[in-house]
Amino acid sequence: MHDSNEDRLNRLKEGDFITARICRLDPSIDKAPYFETYRVPYVKWMRVLDVLIHISEGLCVEYAHRWYCGVKKCGTCAVRVNGRETLSCWEPAQPDMVIEPLRHLPVVRDLIVDREPYERKVMELRPLLMRTQPYPGLPEYITDREMRAASYAMDCINCMACYSACPVLDLGTETNFSGPAPLVQLAQVALDPRDGLDRSSLIEHTASISECVSCYRCEEVCPAEIPIVSRVIEPLKALAFAISPANKKHQAAFLEIVRDRGRIDPSALVLKTQGLRALLSPVRALRLWMKGKISPSKTFLGWTIPGVEQVRRLFSAVKGA
Amino acid sequence: MKFAYYPGCSAQSTCKELNASLLVVAEKLGLELTEYASASCTGSREIRAVRPELFLALNARIMAMAERDNLPLMTVCNTCTLNFLDTQKRLEEDPEAKDRVNEVLKAEGLRYRGKCRVTHFLWMLLDDIGAERLRHMVVRPLKGLKLAAFYGCHIVRPPAHFQFFDSRNARSIETINSILGCESIDYSGRTECCGFHTAAANEKVAIKLTGRHIKSAKDGGAQAMVTPCPLCHTVLDTFQREMEREVKQKLNVPVLHLPQLVGLALGLAPEQLQLDRHMVPVALPL
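Those sequence lines, one after another, are chains A and B.
Each residue of the first sequence is one higher than the last, beginning at 1 in the numbering used here.
Each residue of the second sequence is one higher than the last, beginning at 1001 in the numbering used here.
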């Protein structure tokens, strides 16, 4: 049987102790982070934030953590609890917790991270509305329907939980991917119908949006429940593709293959996307061919599914995006 | 038990052994499958992002075929599963888009109603066959085999939809492993991403991310991995050599498709399950 956090908390009585292993680091003194364990008396409905306050106001007064509103608005108290990003003000305490700072940002002290790298990335993406039409003055006529696309991103509270959860950012300097949080800031203006700036290069190159792996880890941790992949990242990809399809070679190749053949031929996709670079590993291609994983005859003779004309008809009948 | 079966692109190209093993396992399980030769790609992540309306039409068309035959639709690919489920949700929320899609499907005599049950082979095993029946069908328990379940993303996320709650709590593959008689190990990569969706353009991200997951499985004592997704399989199996250079360790962890694992326990021969078609040779301590 699954033993949920709620079940485990229900077995605790007021005054029982819960255990918090907190991550400590003062970069001016410590070479590496280390953990300290504290036992905190349980109070019904206790939050992670209450545990942290109990520790920093009594058991370990030099313990540093950041919080302000306490009600899921300010986005300053995000931490990792047992490996999962969460707002400490909104997360029920657990009987056994490991509490760590967010990842992918330098630690100032203990649970406090430096937001500067994130804020720099946001500014590089120029998240300001650039109008093509002069501002008409108040009240500006705009409907909810027109604002729907941008509205999802506007729920962001800048907590950076998604920035910490993103696995691509684990690659550090080996990726140029901006991470989900800066893209959410960008989407607030890029998906606004009043914005007129050509943002395709910002999306494609500055943010390297193609390196998003579509894993939905960002959506899983977002306390504002923003559908980051489907309502932020995908519409931004679509925007960049609409402005300059040539920049999105991979997507253009994918569309072409499905239209022509009905199904994806992976070798054709790799050849079209990577071009000659794909031919640089002939040994690998040979191994794949020997195991029947690629089929050059199908690829080069343009094999199609039966009834492919129906698929082609959809491509021309469905207008626009 | 009757299903419309949608193999998807990978199971018919880079992972033909998945399609082949699924078909023999389905026969063993007593499933009656209807395949649609003219079913297209579901649009993966690419068409989904850049031409969302076309994406809805491609998926609705395949589901309309299953609806016409009054069959639930079973897939073997995580991304295809999510694409079908997402299309259902989008068209339910946006009746105007549903009307536009149906207008386009009319020429083929199809109509999407939104009534089709979409399932994946993994879910079908537990929901339709059921743990008890599956246990009775096992003729060769996979005793002594230590497996690492690799779920992939699109069968456990996004949260709050399709009964996905918290990917950390995913247990279905481990449940099946125990029914089949083998042991599951715990490791850090269980519900992590293989990076497939950036691999066609540049395999760098996939190799760097997934190398760690295989290493974690190997260090945790896994003798093999099992995945319900051909896209994860492609990365785990075909890029393993490159990953060995990345993690500076010999990995050599065979990766099984879920139907192949089930097939072994149901008494099917390795040749029938095409275990010889993997890049990392499948040598199991059975």
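Glycine included, C-beta positions come from ideal geometry on N, C-alpha and C.
Keep in mind that this is a model prediction, so the values were computed, not measured.
Just the C-alpha distance for residue i and residue j, rounded to the nearest angstrom, thanks.
i                  : j                  : result
Leu1031 of chain B : Pro266 of chain A  : 29 angstroms
Ile226 of chain A  : Pro1159 of chain B : 11 angstroms
Ala207 of chain A  : Pro1052 of chain B : 22 angstroms
Thr1210 of chain B : Val1235 of chain B : 8 angstroms
Ala1011 of chain B : Glu1017 of chain B : 7 angstroms
Arg1111 of chain B : Ser214 of chain A  : 30 angstroms
Pro101 of chain A  : Ser1167 of chain B : 21 angstroms
Lys1098 of chain B : Leu255 of chain A  : 22 angstroms
Gly979 of chain B  : Ala278 of chain A  : In the structure as shown, chain B starts at 1001 and stops at 1286, and residue 979 of chain B therefore has no counterpart that could be examined.
Ile1185 of chain B : Thr1042 of chain B : 33 angstroms
Ala181 of chain A  : Gly1181 of chain B : 44 angstroms
Gln1249 of chain B : Ala1222 of chain B : 15 angstroms
Val79 of chain A   : Ala224 of chain A  : 15 angstroms
Ser56 of chain A   : Ser1216 of chain B : 35 angstroms
Leu191 of chain A  : Ile142 of chain A  : 14 angstroms
Met1279 of chain B : Gly292 of chain A  : 10 angstroms
Met1 of chain A    : Leu1145 of chain B : Confidence at Met1 of chain A is low in this model, with a pLDDT of 43, below 50, so the placement of that residue is unreliable and no value is reported for it.
Gln1274 of chain B : Leu314 of chain A  : 36 angstroms
Thr175 of chain A  : Pro106 of chain A  : 17 angstroms
Val1025 of chain B : Asp50 of chain A   : 53 angstroms
Gly262 of chain A  : Thr19 of chain A   : 56 angstroms
Pro45 of chain A   : Ile228 of chain A  : The sequence given here has Trp at residue 45 of chain A, not Pro. Their Cα atoms are separated by approximately 30 angstroms.
Taking residue i as part of the beta strand (DSSP E), name the residues at either end of that continuous run.
i                  : result
Arg80 of chain A   : 78-81
Cys23 of chain A   : 17-24
Leu1275 of chain B : Where Leu1275 of chain B is concerned, there is no enclosing beta strand (DSSP E), given that its DSSP letter is neither H nor E.
Met1074 of chain B : 1073-1075
Met1225 of chain B : 1224-1227
Leu372 of chain A  : This structure cannot settle anything about residue 372 of chain A, because the visible part of chain A is limited to 1 through 321.
Thr1191 of chain B : Premise fails: Thr1191 of chain B is in no beta strand (DSSP E) and is neither H nor E.
Which residues mark the beginning and the end of the alpha helix (DSSP H) in which residue i is found?
i                  : result
Arg8 of chain A    : 5-11
Arg345 of chain A  : Residue 345 of chain A lies beyond the residue range present for chain A, which begins at 1 and ends at 321; the question has no answer from this structure.
Arg1048 of chain B : 1046-1050
Gly1197 of chain B : Note that residue 1197 of chain B is His in the sequence shown here, rather than Gly. Here the alpha helix (DSSP H) through His1197 of chain B covers 1196-1199.
Ile99 of chain A   : That residue, Ile99 of chain A, is in no alpha helix (DSSP H); its beta strand (DSSP E) goes 96-100.
Phe1121 of chain B : 1121-1124
Arg1241 of chain B : 1240-1247
Pro84 of chain A   : Reading off the sequence, residue 84 of chain A comes out as Arg, not Pro. Segment 84-87 is the beta strand (DSSP E) holding Arg84 of chain A; no alpha helix (DSSP H) there.
Pro1159 of chain B : Neither: Pro1159 of chain B is in no alpha helix (DSSP H) and is coded neither H nor E.
Asp1219 of chain B : 1204-1219
Met1137 of chain B : 1131-1137
Val311 of chain A  : 308-317
Under 9 angstroms Cβ-Cβ, which residues of chain A neighbour residue i?
i                  : result
Glu1192 of chain B : Pro167, Cys215, Arg217
Determine the chain B residues that contact residue i at a beta-carbon separation under 9 angstroms, and present them in chain order.
i                 : result
Gly70 of chain A  : The contacting residues do not exist; Gly70 of chain A stays about 24 angstroms from chain B at best.
Arg313 of chain A : Val1104, Ala1107, Glu1108
Phe241 of chain A : Ala1049, Val1050, Arg1051
Provide the residue(s) that pair with residue i in DSSP beta bridges, ordered along the chain.
i                  : result
Tyr1006 of chain B : B:Thr1075
His1297 of chain B : The structure shown does not extend to residue 1297 of chain B, since chain B spans only 1001 to 1286, so no value can be given for it.
Leu1147 of chain B : B:Ser1184, B:Ala1224
Ile112 of chain A  : A:Arg109
Pro92 of chain A   : A:Arg47
Val40 of chain A   : A:Ile18
Tyr34 of chain A   : A:Arg24
Thr1014 of chain B : DSSP output for Thr1014 of chain B lists no bridge partner at all.
Leu1033 of chain B : B:Phe1003
Val1118 of chain B : B:Leu1073
Arg1168 of chain B : Answer by DSSP bridge pairing: none, since Arg1168 of chain B is not bridged.
Can you list the residues of chain B that residue i reaches, using a CB-CB cut of under 8 angstroms?
i                : result
Arg80 of chain A : Simply none; closest approach about 13 angstroms.
Gln94 of chain A : What Gln94 of chain A touches in chain B: nothing, since even the nearest Cβ is about 13 angstroms away.
Residue i touches chain B at which residues, Cβ-Cβ below 7 angstroms?
i                 : result
Asp265 of chain A : Ser1013
Arg287 of chain A : Met1279
Ala317 of chain A : Val1104
Val258 of chain A : Ser1040, Cys1041, Ile1047
Ser210 of chain A : Thr1198, Ala1201
Give the interface partners of residue i over in chain A, defined as CB-CB distance under 7 angstroms, in chain order.
i                  : result
Ser1216 of chain B : Result: empty, since nearest Cβ-Cβ is about 13 angstroms, beyond 7 angstroms.
Glu1035 of chain B : Within chain A, no residue comes near Glu1035 of chain B; the closest Cβ sits about 11 angstroms away, beyond 7 angstroms.
Gly1195 of chain B : Val213
Leu1054 of chain B : Leu314, Phe315, Val318
For this session: Evaluate contact between the stretch 1146-1157 of chain B and the stretch 1102-1113 of chain B, counting only Cβ atoms and requiring at least three cross-stretch pairs below 8 angstroms.
Result: Counting C-beta pairs with one atom in each stretch, the stretch 1146-1157 of chain B and the stretch 1102-1113 of chain B have fewer than three that are closer than 8 angstroms, which means they do not touch.
For this session: Indicate whether the contact test is met: 3 or more Cβ pairs, each with one atom in the stretch 1201-1213 of chain B and one in the stretch 1254-1266 of chain B, closer than 8 angstroms.
Result: no
Exercise. Does the stretch 53-70 of chain A touch the stretch 130-139 of chain A, meaning 3 or more C-beta pairs lie closer than 8 angstroms?
Worked result: no
Exercise. Taking contact to mean at least 3 C-beta pairs separated by less than 8 angstroms, is the stretch 14-32 of chain A in contact with the stretch 114-125 of chain A?
Worked result: no
Exercise. Are three or more beta carbon pairs between the stretch 1139-1146 of chain B and the stretch 193-201 of chain A nearer than 8 angstroms?
Worked result: no
Exercise. Just checking, does the stretch 64-81 of chain A make contact with the stretch 149-161 of chain A on the three C-beta pairs under 8 angstroms criterion?
Worked result: The stretch 64-81 of chain A makes contact with the stretch 149-161 of chain A, as at least three CB pairs between them are under 8 angstroms.
Problem set entry | Meets three-Cβ-pair contact criterion under 8 angstroms: the stretch 89-98 of chain A and the stretch 141-150 of chain A | The stretch 89-98 of chain A is not in contact with the stretch 141-150 of chain A.
Problem set entry | contact_flag[the stretch 1126-1136 of chain B, the stretch 1082-1093 of chain B] where n(CB pairs < 8 angstroms) is 3 or more | no
Exercise. Between the stretch 1228-1244 of chain B and the stretch 1063-1082 of chain B, do three or more beta carbon pairs fall short of 8 angstroms?
Worked result: yes
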